[in-house]
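Numbering (this note's numbering), first residue to last: 68 to 145. Below: one structure, written as structure tokens.
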């Protein structure tokens, strides 16, 4: 393992890769699934903005989830 990459980072990237593959396969079997997930996450994100205690970490999580789904959708379409 490279010295500049932690074990936690490697595991997170591996899990991310597996989730990406699973979402792409599911999208091919059930077209529109990723859009439905993205719509739900965007709605939750907007709703979360009304809660004062949901600061930057929460918004960054939602933004990463939306970005992740966009990558999955792009991969499923190719």
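Glycine included, each C-beta is placed from N, C-alpha and C at the ideal position. Predicted, not measured: the structure shown is a model, and the values here were computed from it.
- By the Cβ-count criterion, residue 89 is exposed, with fewer than 16 other Cβ atoms from all chains shown falling within 10 Å of its own Cβ.
- In this structure, the CA atom of residue 86 is about 10 Å from the CA atom of residue 136.
- Here residue 109 is near residue 133, since their CB atoms are less than 9 Å apart.
- The C-alpha of residue 80 lies about 11 Å from the C-alpha of residue 72.
- The closest CA to that of residue 126, considering only 77, 112 and 93, is found on 112.
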